[in-house]
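One structure is given below, encoded as structure tokens.
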Amino acid sequence: MAVTLLALLALGFTFDYAMGVRWWTNPGGRIVMTTLASIVLITVLVAVRVWFGDFYLHELVRLVVFLTALFALAGGWVLHRAIRRGKHRERAKP
Numbered sequence: 006m007a008v009t010l011l012a013l014l015a016l017g018f019t020f021d022y023a024m025g026v027r028w029w030t031n032p033g034g035r036i037v038m039t040t041l042a043s044i045v046l047i048t049v050l051v052a053v054r055v056w057f058g059d060f061y062l063h064e065l066v067r068l069v070v071f072l073t074a075l076f077a078l079a080g081g082w083v084l085h086r087a088i089r090r091g092k093h094r095e096r097a098k099p
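Counting from 6, one number per residue, gives the positions in the sequence shown under my numbering.
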């Protein structure tokens with residue numbers, strides 16, 4: 006039950022964020038959006054499995070969801086590091 010509520014809350018917040026914020030216009034917004042989408046994918050998958058058990062092609066769906074989350078979060082981390090690196094270089098300039 007708790008995972009279902011978490012999935013619904015994550016889904017609702019992600020839609021609200023996607024509709025109410027211009028997240029695509031800046032790197033920070035894109036990082037937040039990819040993180041939220043990853044959380045939604047994982048929690049919805051877990052909630053579906055809790056309610057319905059294993060389903061046809063469950064292993065393949067799980068692999069796709071986790072790989073998508075992995076690449077989304079890794080990409081966000083790379084973007085975050087690139088932004089921070091640029092800010093440190095700007096501060097170091099005389």
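Note that beta-carbon positions come from the ideal geometry of N, C-alpha and C, so glycine has one too.
Sub-8 Å separation of residue i and residue j beta-carbons
i	j	result
Tyr-22	Leu-10	no
Leu-75	Thr-39	no
Gly-34	Val-26	yes
Distance between residue j and residue i (C-alpha atoms, nearest Å)
i	j	result
Trp-29	Gly-58	36 Å
Ala-87	Val-70	26 Å
Leu-84	Val-66	27 Å
Leu-62	Trp-82	30 Å
Arg-90	Ser-43	25 Å
Option in the options with minimal Cα separation from residue i
i	options	result
Phe-8	Asn-31, Arg-35, Thr-48	First, the amino acid is wrong: residue 8 is Val here, not Phe. If we check each option's Cα against that of Val-8, Thr-48 comes out closest.
Ile-36	Arg-67, Val-55, Gly-80	Gly-80
Leu-16	Ala-52, Asn-31, Pro-32	Ala-52
Arg-6	Phe-20, Asn-31, Val-55	At residue 6 the sequence reads Met, which differs from the Arg that was named. The candidate whose alpha carbon is nearest that of Met-6 is Val-55.
Thr-73	Met-24, Leu-50, Arg-89, Gly-91	Leu-50
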